[in-house]
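Take a look at the structure below.
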Amino acid sequence: MPPAKKRARSYDPARTRAAVLAQFGHVREAVRTLTPEQLALPTRLGDWTVRELVAHCGMALTAVDRLLDEPEPARQDARLLDWPFAIAADADTIAGTARRLAADHPDLDAHLADVERRFTARLDAHPGGRLLPTGAGALPLADYLVTRTVELVVHTDDLNAAVPGLGIPHDRQALAACTRLLADALAVKAPGGSTEVRIPPYAVVQCVEGPRHTRGTPPNVVETDPLTWIRLATGRTAWPDAVADARVGASGERADLGPYLPLLT
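Below is the structure:
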């Protein structure tokens, strides 16, 4: 008998919306404290400055606004887990837009406040089932909002890495949604049941081809914390470095996730 097909993970739309706004609020509070010198600092994202990275954080919300302005697709032809593998195609356009927005909005706090107002108003006006023509295909608004937690959590971490002592907090629900989506994306990229990946307290997934584990302690186990996992999945941290620094525990002959990472590029 073939193994049962796994059910797609579900996300509560109200909690997702609250998480996106909470994480965006944390970014906004931090931006108010940044000096011109800090805004000019380099980031780990190529030649982006902190100012351009902040502008890009605003784009996490304006993307919803932009997609809602497009005609609604006739039917859904994508799933949430298609999104992580589709975003690389838009990288050049995204970078150019971030630079333009950073130049056009010298008052970043005012810009982000306006972005948040428009975002909230658009969510109030549209149901979660409204389809959006995303780069991954037609997705419901409620699903696309989950991807916004990834954008905001990942770039919050980028800002913290760029500005010493900034310490922007991660909203727990946003961090959970981001961790789970990226963990499930790994299971799509490396299907199987021989390896258990544990990211407490948010996610456990089975992946990698090989003998399927059914009971007891699995022979192949990977365990790490949410932020380390997110950095691995997005290419901020290399797998060998994380293992060498004991930020990842990996045991078993099929516990090497290096060939499957990063998921987002």
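Number 137 in full-length UniProt numbering belongs to position 137 of the sequence shown; there are no gaps in the numbering. Note that the Cβ used here is the ideal one computed from N, Cα and C, for glycine as well.
Looking at the structure shown, is PRO226 part of a helix, part of a strand, or coil, going by DSSP? Assigned with DSSP and collapsed to three states, PRO226 falls in helix.
Other residues of its chain near ALA4: CB distance less than 7 angstroms, five sequence neighbours each side excluded: Note that ALA4 scores 45 on pLDDT, short of 50, meaning its location in the model is unreliable and no value can be drawn from it.
How many angstroms separate the CA atom of LEU132 from the CA atom of THR237? 32 angstroms
Here's the rule: buried if 16 or more other CB atoms are within 10 angstroms of the residue's CB, otherwise exposed. What is ALA78? buried
Near ASP90, which residues of its chain fall below 8 angstroms by C-beta distance, leaving aside the five closest residues on each side in sequence? GLY135
Looking only at C-alpha atoms, which of VAL64, ARG254, ALA174 sits nearest to GLY192? ARG254
Mind checking PRO2: buried by the 16 CB within 10 Å criterion, or exposed? Bear in mind that the predicted position of PRO2 carries a pLDDT of just 37, short of 50, making it unreliable; the figure below should be weighed with that in mind. By the 10 Å Cβ count, PRO2 comes out exposed.
Of the choices LEU139, ALA95, ARG198, VAL27, whose alpha-carbon is the least far from that of VAL64? LEU139
Measuring alpha carbon to alpha carbon, tell me which residue in ALA18, PRO219, ALA190, SER251 is nearest PHE119. ALA18
Boundaries (first-last residue) of the beta strand (DSSP E) holding PRO191: It is not in any beta strand (DSSP E) - PRO191 carries neither H nor E in the DSSP assignment.
Of the listed residues ILE87, VAL50, ALA142, nearest to ARG15 (C-alpha basis): ALA142
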